[in-house]
Amino acid sequence: MHSISGTPPPPNVRRTDSQRYLADALNAAGAAIMMVSEQGTIELLNEAACRLLAGTEGQLIGTCVDDYVPRISREAHARYRRQHTHAARQHAMAGGRSLKARGLDGHETSVEITLSQIQLPDGPCVLVTLVDITNRLEHERQMTARNDHLAALNEELTQFAYSASHDLRAPLSTISGLLELCLEDLDAGELAEARHNITEALKTSRRNIHKVEAVLTLARAGLSPVPEEDIDLPRLVASCWDDVHAEGIAKPAITIEMDGPCTVRTERQTLCTVIENVLSNACRFQDASKSENWVHVRLRTLNDTVSILIGDNGIGISEADQPRIFEMFRRSSLSQGHGLGLALVQKNVLRLSGTIALCSTPERTDFIFSFPQMEVIE
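Residue 334 in our numbering is what sits at position 323 of the sequence shown, and the numbering runs on without skipping anything.
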């Protein structure tokens, strides 16, 4: 075995001039380089390889290369290594799959591995080049997240353009027609009829002003930074429920169940927007045919995941509407709203790196939110 690291070789190893030249050349390389025998034993390595594997030459030379991959992958790695040992050309290991190098300190590094078979007097060996691709993977992750964000914005723009050309054009035409009638009524001296038409025009315009404001709220969601703070979940839900308007009907009975620590650290207004919109829907879509209407909120902060279930026994969401319920301007035939509430819910849940699940039957409707990255305060 031979060492090519910068420290002196073991006493029983004497380097020839060619070995010293090889050591200087490999140590000048930015990538980690090792020479591995057919049996997987590390025989040579440079200083970059020592740094990558968090060990000295004395600790690394003579050990099996399979020891430096995560334990769960060692059997598969050994199998791939044996297959590649008999390959006759240089190639990348595992066909572009993400590989990990595990150092003696337990730290794992994402690497790209290239294998080159070489012939030595003692037999064939494989020259292994390992390139740290941690920064590249992070850059790719950021680019993917950015592309996903741009795709979502493009989808919202498309839906808004559709709304502007369809949903908003109709009420504008209605307002225009009512004003024309007003002119005719004024010319005819029918002031009462003119007043009635003006009132209808105002109602239509105000209703659509609210819709435009809701679109702007949806567009702004997720753009401005919001500081995180410690929040008592049961108190936040109770506060959101107090702010929900029942629009002239009695609120359902509500129960709040807490399982685990009560305090989490997150964006208060973002989470509040999610909860308020779902609670408001539970209030608006009560089932008058049922003897008692209720809302049940279950909060769980266990196993490093925050989950919130908001259920009610209202009229429910039809099976046909469920697949597209979170799209902009989608509303059931029973809704008089602008169809943006649940789209806003979804956007804010995604901002908190969460997910939504919906289960709705004529008996009850459950919205289940999961926030695996939300911090729980013990």
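Just so it is clear, CB atoms sit at the ideal spot from N, CA and C, and this is done for glycine as well.
Since the structure is predicted, the reported quantities are computational estimates derived from the model, not experimental observations.
TODO: Flag this pair as touching only if the stretch 190-198 and the stretch 143-159 have three or more C-beta atom pairs under 8 Å; answer yes or no.
DONE: no
Task: Coil, strand or helix - Ser300 by DSSP - done: coil
- [ ] Look at the alpha carbon of Gly117 and the alpha carbon of Glu68, and state the distance between them as a whole number of angstroms.
- [x] 17 Å
Task: Local conformation of Met385 per DSSP, three classes - done: coil
Task: Presumed contact (8 Å Cβ cut-off) between Thr372 and Gly322, rounded CB distance - done: Not confirmed; about 11 Å, so no contact.
Task: Beta-carbon gap between Cys294 and His256 smaller than 9 Å - done: yes
TODO: Look at the alpha carbon of Thr120 and the alpha carbon of Thr52, and state the distance between them as a whole number of angstroms.
DONE: 20 Å
Task: Cut-off 8 Å between Cβ atoms - residues of its own chain near Gly134, not counting five sequence neighbours on either side - done: Ser48 and Glu49
TODO: For the alpha helix (DSSP H) holding Cys251, just list the boundary residues, first then last.
DONE: Leu244 to Asp254
- [ ] Could you say which of Glu374, Arg217 and Glu386 lies nearest to Asn314 if we only look at CA atoms?
- [x] Glu386
Task: Classification of Asn57 by the beta-carbon crowding that lies within 10 angstroms, buried from 16 upward - done: buried
- [ ] Reducing DSSP to helix, strand and coil, say where Ser329 ends up.
- [x] coil
Open item on the list: Between the stretch 286-293 and the stretch 245-254, can you find at least three pairs of beta-carbon atoms closer than 8 Å?
Closed with: yes
Task: Inside the stretch 125-169 only - beta strand (DSSP E) runs reaching at least 3 residues - done: 134-143
Task: Anticipated Cβ contact below 8 Å, Val285 with Asn359, distance rounded - done: 5 Å
- [ ] Could you have a look at Asp35 and say whether DSSP puts it in helix, strand or coil?
- [x] helix
TODO: Give a yes or no on whether the C-beta atoms belonging to Arg279 and Leu320 are separated by under 9 Å.
DONE: no
Task: For Phe380, the residue or residues it bridges with in DSSP - done: Ile319 and Ile367
TODO: Take the Cβ of His150 as the centre, count every other Cβ of all protein chains shown within 10 Å, and call the residue buried at 16 or more, exposed below.
DONE: exposed
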